[in-house]
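Residue numbers (the numbering used here): 9 to 661.
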């Protein structure tokens, strides 16, 4: 027993003095730990400074029920219960009982309020007992942040978010996701907490060991007024045509700044919401909107002219064992190349490209490549879709590939990539990268400013540009988009109607599905904005042609932008004759010449004219005016000789 006791004493001494530091460090690691404090995420603003996304701080208020001494607890518990009763609504006795029960149960992490605002947090922090702080009163405050979009669902997907799960895997969407890691996220802080049992951790102090650094603010190019117009114009048309989903983008012609972007998809309940960023991420066959590119390539290579006659037959034509048809029964017959684009003839464009490029397809494809049509734009938003324009040797290449590409099939592009090219036409040939961000700021200090990026200085000659602009203008005046024509407002662009999900043609004929689109710019002669509207799978019972489905959205957006925010304010003339004004001036001039030292009669004259007349006499006089309007009396009678520094009192009503 004596030897055993010695062994116990030896072990205790070893643990206490030799291994003590090691065990104390281990115990501290297990019971005291640094926790990350998330910083406030930077705000996202529109071009005019309107708030698009912000982080709202929320607070949980807890109390260490056994931290306060008995005398302090007893002194303040009644007042604390009264304050909680006024704030939360239940009786004071209820709060008094549950807090006393928490103290009896030695609850060191008792919840008083969850997810409250900053103003409520300040209010509760001043409640009795809690106002003594963490050491004397047991106050525990935990802050979290919640991301909110003040504009609601409008552009929610484009504004986006960044979410990081427990495995540190990040999901990044839209502007918020693209710029989250570099700018918006900020730097985490540190707060020391102690384990108090039951897996709970309590802050050791009511301050942070390392303060978090809030993220920078991002200023976008979005215009909230144009965004609202685009969103509701698209929504109304999707509902009318019972479409599956759709997107619209409005872009500033000169700068490439995206003024509006909306993506809406149908739910199982028939409503629409921002599900995916289709405009940026969804590649699909563009259909007839690509005919503009094919026509431009032929014009620029000088293989045709706008007056070149194309035989579109009777509406059907065979290309390498495959039939290509036009939408008009009986066809268009022999028409000019310009008419082929204006009337959106599939046969016309397929014939032009096949006749002049079939032996050297690389010449046509290289032209498209020079225009960057086979490359992503490299926009800042994550998830941009990749265009696919096949070349000889590819799995999707055949003799029919080239004629199909000519009218927008057998290739894929995103709506934003298509819009960028139409914007280049409007911008006199300068191809610009679409831009979503203007600057990154910390308060009023610029951290980074984003400028215009030119992808291609000049896509084609001025002659080709002038020709294609005329054709796109005529599409609206007399072509497939003539229903959009307005005498008071000019637009230019190209309609598009493409089949989709047609791999099994027999099944497709039973349930036909289309993609309707319109891409262009406005006003036609002095373009300010370019725009594309793409609507997927409208109900064929209601309509499916691009001019009918997407065209009205484009027109509504263009006209609303133009009327709400006029591009040009013009004053025809500033010089005009007004007889009444001329007569008044002549009368005033005669009086001013007639009276030099004599008091004129000013009763009935406007007060300002009377004062001006008196102050321009050869005698310096002082004029006092009582009232305003027309002179009703004068203190010096008419025709009396005035003296220097004499005071004249005028009354007016």
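We put the beta carbon where it would ideally sit given N, CA and C, even for glycine.
Bear in mind the structure is a predicted one, so any value in this text is a computation, not a measurement.
(request) Keeping to the same chain, check which residues put their C-beta closer than 8 Å to that of residue 418; ignore five residues upstream and five downstream. (result) Here residue 418 refers to the residue found at position 410 when the chain shown is read from its first residue. Leaving aside the five residues that flank residue 418 on each side, the residues in its chain whose CB is nearer than 8 Å to its CB run, in chain order, 293, 398, 404, 408, 409, 412.
(message) Using only the alpha-carbon positions, how far apart do residue 520 and residue 429 sit?
(response) Reading the chain shown from its first residue, position 512 is the one you call residue 520. Reading the chain shown from its first residue, position 421 is the one you call residue 429. Those two C-alpha atoms are separated by around 29 Å.
(message) Can you give me the C-alpha to C-alpha distance between residue 360 and residue 347, rounded to a whole angstrom?
(response) The residue you call residue 360 lines up with position 352 of the chain shown. The residue you call residue 347 lines up with position 339 of the chain shown. Cα-Cα distance, rounded: 13 Å.
(request) Kindly list the residues whose CB is nearer than 7 Å to the CB of residue 162, restricted to its own chain and excluding five residues on each side of it in sequence; keep chain order. (result) Translated into positions along the chain shown, residue 162 becomes position 154. Only 235, 236, 239 meet the Cβ criterion.
(message) I need the DSSP call for residue 151, collapsed to helix, strand or coil.
(response) Counting from 1 along the chain shown, the entry for residue 151 is found at position 143. Strand, per DSSP.
(request) Could you check what DSSP says for residue 577 in three-state terms: helix, strand or coil? (result) Looking up residue 577 in the chain shown gives position 569. Since pLDDT at residue 577 reaches only 43, below the 50 mark, its modelled position is unreliable, and no value is offered.
(request) Determine the burial state of residue 443: buried for a count of at least 16 other Cβ atoms within 10 Å of its Cβ, exposed for fewer. (result) As a working note, residue 443 is residue 435 in the chain shown. Around the CB of residue 443, 16 or more other CB atoms lie within 10 Å, so the residue is classed as buried.
(message) Which same chain residues end up closer than 6 Å to residue 481 when comparing Cβ atoms and leaving out the 5 residues on each side of it in sequence?
(response) Counted from its first residue, the chain shown places residue 481 at position 473. Counting only residues of its own chain and dropping the five nearest sequence neighbours on each side, residue 481 has a CB closer than 6 Å to the CB of 500, 532.
(request) Output the boundary residues of the alpha helix (DSSP H) element that contains residue 389. (result) As a first step, residue 389 must be located in the chain shown, where it is residue number 381. Looking at the DSSP string, residue 389 is not in any alpha helix (DSSP H), and its letter there is neither H nor E.
(request) Going by DSSP, name the residue or residues bridged to residue 450. (result) To locate residue 450, count along the chain shown from 1; it is residue 442. Partner(s): 453.
(message) Between which residues of its own chain and residue 489 is the CB-CB distance below 6 Å, once the five residues before and five after are set aside?
(response) As a first step, residue 489 must be located in the chain shown, where it is residue number 481. The answer, listed in chain order, is 483, 503, 555, 559.
(request) Please report how far the alpha carbon of residue 108 lies from the alpha carbon of residue 69, in whole angstroms. (result) The residue you call residue 108 lines up with position 100 of the chain shown. The residue you call residue 69 lines up with position 61 of the chain shown. So the alpha carbons of these two residues sit roughly 17 Å apart.
(message) Which complete alpha helix (DSSP H) runs does the segment 352-424 hold, if anything under 4 residues is left out?
(response) Fully enclosed alpha helix (DSSP H) runs of 4 or longer: 354-365, 369-378, 409-414.
(message) What does the Cβ neighbour count give for residue 84, buried or exposed, with the cut at 16 atoms within 10 Å?
(response) Position 76 of the chain shown, counted from the start, is the residue given in the question as residue 84. With 16 or more other Cβ atoms within 10 Å, it is buried.
(message) Suppose you measure from the CA of residue 387 to the CA of residue 441; what does that come to, to the nearest Å?
(response) Position 379 of the chain shown holds residue 387. Position 433 of the chain shown holds residue 441. The alpha-carbon atoms of residue 387 and residue 441 are separated by roughly 7 Å.
(message) Give the list of continuous alpha helix (DSSP H) stretches no shorter than 4 residues that lie fully inside the segment 470-496.
(response) Runs found: 470-485.
(message) Are the CB atoms of residue 51 and residue 259 within a distance shorter than 8 Å?
(response) The count along the chain shown starts at 1 and reaches residue 259 at position 251. The count along the chain shown starts at 1 and reaches residue 51 at position 43. Result no, Cβ atoms of residue 259 and residue 51 do not sit closer than 8 Å.
(message) Nearest by alpha-carbon distance to residue 611: which of 468, 448, 605, 646 is it?
(response) Along the chain shown, one-based indexing puts residue 611 at 603. By alpha-carbon distance to residue 611, the top candidate from 468, 448, 605, 646 is 646.
(message) Given a cut-off of 8 Å on the beta-carbon distance, is the pair residue 218 and residue 198 in contact?
(response) Working through the chain shown from its first residue, we reach residue 218 at position 210. Working through the chain shown from its first residue, we reach residue 198 at position 190. In this structure, residue 198 lies closer than 8 Å to residue 218 by Cβ.
(request) Reducing DSSP to helix, strand and coil, say where residue 238 ends up. (result) The residue you call residue 238 lines up with position 230 of the chain shown. It is helical.
(request) Could you say if the segment 63-81 and the segment 144-152 meet the contact criterion of at least three C-beta pairs nearer than 8 Å? (result) Flag = yes, the segment 63-81 and the segment 144-152 touch.
(message) By alpha-carbon positions, which one of 203, 87, 106, 115 ends up nearest to residue 139?
(response) The residue labelled residue 139 in the question sits at position 131 within the chain shown. Per the Cα distances, 87.
(request) Check whether the Cβ atoms of residue 60 and residue 157 sit closer than 8 Å, and answer yes or no. (result) As a position in the chain shown, residue 60 is number 52, starting the count at 1. As a position in the chain shown, residue 157 is number 149, starting the count at 1. Cβ distance < 8 Å, so residue 60 and residue 157 count as in contact.
(request) Report the residue ranges of all beta strand (DSSP E) runs contained in full by the segment 615-657; include only those spanning at least 3 residues, in chain order. (result) With a minimum length of 3 residues, the continuous beta strand (DSSP E) runs that stay inside the segment 615-657 are 629-634, 639-642.
(message) Using a Cβ-Cβ cutoff of less than 7 Å, which residues in the same chain neighbour residue 195 once the five nearest sequence positions on both sides are dropped?
(response) Translated into the one-based positions of the chain shown, residue 195 becomes position 187. Excluding positions up to five away in sequence, the list reads 47, 220, 221.
(request) Keeping to the same chain, check which residues put their C-beta closer than 8 Å to that of residue 126; ignore five residues upstream and five downstream. (result) Counted from its first residue, the chain shown places residue 126 at position 118. Leaving aside the five residues that flank residue 126 on each side, the residues in its chain whose CB is nearer than 8 Å to its CB run, in chain order, 65, 67.
(request) Would you check if the distance between the CB atom of residue 392 and the CB atom of residue 264 is smaller than 8 Å? (result) Indexing the chain shown from 1 puts residue 392 at position 384. Indexing the chain shown from 1 puts residue 264 at position 256. It is not a contact, given that the beta carbons lie outside the stated cut-off.
(message) Applying the 10 Å Cβ sphere with the 16-neighbour rule, what's the burial state of residue 550?
(response) The sequence position of residue 550 within the chain shown is 542, counting from 1. Residue 550 comes out exposed.
(request) Just mark residue 13 as buried or exposed, buried being the case when its beta carbon has 16 or more other beta carbons within 10 Å. (result) The residue you call residue 13 lines up with position 5 of the chain shown. Residue 13 is exposed by the Cβ-count criterion.
(request) Write down every uninterrupted run of the alpha helix (DSSP H) in the segment 20-88 whose length is 4 residues or greater and which is fully enclosed by it, in chain order. (result) Fully enclosed alpha helix (DSSP H) runs of 4 or longer: 28-39.
(message) Tell me which residue opens and which closes the alpha helix (DSSP H) that residue 300 is part of.
(response) Counting from one through the chain shown, the residue named residue 300 turns up at place 292. Per DSSP, residue 300 belongs to the alpha helix (DSSP H) from 299-308.
(request) Give the single residue among 167, 637, 400 whose Cα lies nearest to the Cα of residue 390. (result) Numbered from its first residue, the chain shown carries residue 390 at position 382. Out of 167, 637, 400, 167 has the C-alpha closest to the C-alpha of residue 390.
(message) At the level of alpha carbons, what is the spacing between residue 523 and residue 298?
(response) Mapped onto the chain shown, residue 523 falls at position 515. Mapped onto the chain shown, residue 298 falls at position 290. For residue 523 and residue 298, the gap between their C-alpha atoms comes out near 13 Å.
(message) I'd like the span of the beta strand (DSSP E) that includes residue 557, first residue to last.
(response) Numbered from 1 along the chain shown, position 549 holds the residue referred to as residue 557. Per DSSP, residue 557 belongs to no beta strand (DSSP E); it is in the alpha helix (DSSP H), 554-557.
(message) Is residue 87 close to the ligand FAD? I mean its beta-carbon at under 7 Å from any heavy atom of the ligand.
(response) Looking at this structure, you won't find the ligand FAD or any other ligand, since it has none at all.
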